Amino acid sequence: MSIYRTRSRRTYGREPLQFSKLNPADIDMLPGLQISILCRKCLSWHRVVGKTDRRVVQHGLGNGEPCPGGNRQVRIDITPEQWLARRRRQQLEALPAQTRRAARQHFKPLPAVPGPVHLMATPRPAVELTARERTQQWKDLESAVKDANDRRAEPLKGAIGPIRGAGVPTEKRNTQEQSQMLAKKRTAQTSVA
């Protein structure tokens, strides 16, 4: 019999837990915090320890007996970003349908950019008039143009001419009285005319 111990790898006797196959709600991989997992046997959270040989910390049931879920080997085969994406997707799926937004949003198509304003109006038909037609067109309008010009030249009856301010007297005395007298004279002249 040998007095030397045979060194062997530690075997846990159970299949390791793979993070990719577990429910994302049962894992905590938040950046900056230690990775922890929910024990399925005692339903409590425990740390995952080790650098190469990862396992759940040995823990008890509270009555002095060790928990069968403790000291279980785990295999971390997802990144924290993948875990977080799966967790968010799971939270969105848990929401009732009426509070969820559609995954695909439909946007109204943008209207086409309008063209320049000067091109929007329909162009006038190009009418080429002969000299005889232009002369006849002027003869038809000549009497109406002369009538409008004559009416414009007539003075309006009963209208008061343009209002002009009273002249400023040069004398310093009684300036208010003088300006009132000048205003009365001008009013009398316009009413007589």
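The opening residue of the sequence shown carries number 814 in this note's numbering; numbering runs sequentially from there. Yeah, the Cβ is synthetic: ideal placement off N, Cα and C, and Gly gets one too. Bear in mind that the values here come from a model prediction, so they are computed numbers and not experimental data.
Taking C-beta atoms as the reference points, GLN847 and VAL887 fail to come closer than 9 Å. Distance from the CA of VAL862 to the CA of PRO922, rounded to the nearest whole angstrom, comes to 54 Å. Counting along the chain, no beta strand (DSSP E) covers LEU905; the unbroken alpha helix (DSSP H) around it starts and ends at 893 to 907. Counting C-beta atoms within 10 angstroms of its own C-beta, VAL869 has 16 or more neighbours from the protein chains shown and is therefore classed as buried.
Taken through DSSP and simplified to helix, strand or coil, GLN918 comes out as coil.
By the C-beta criterion, the region 872 to 879 is judged not to be in contact with the region 927 to 944, since fewer than 3 inter-stretch pairs fall below 8 Å. Nearest in C-alpha terms to ARG885, of all of GLN904, HIS859 and GLU894, is HIS859. With a threshold of 16 other beta carbon atoms within 10 Å, MET842 meets it and is buried.
The shortest C-alpha to C-alpha distance from PRO837 to any of PRO879, THR892, LEU942 and LYS997 is the one to THR892. Scanning its chain for C-beta atoms nearer than 8 Å, with the 5 sequence neighbours on each side dropped, one finds around GLN950 the residues LEU942, in chain order. Around the beta carbon of GLY845, a 10 Å sphere encloses fewer than 16 other beta carbons of the protein chains shown; the residue is thus reported as exposed. For VAL926, there is no enclosing beta strand (DSSP E), as DSSP gives it neither H nor E. The Cβ atoms of CYS852 and GLY877 do not sit closer than 9 Å to each other. The alpha-carbon of ASP953 is positioned some 50 Å away from that of LYS997.
If you look at VAL958, you'll find it in the alpha helix (DSSP H) that goes 944 to 966.
A distance below 7 Å between beta-carbons, with the five flanking residues on each side excluded, links ARG899 to the following residues of its chain, in chain order: PRO837.
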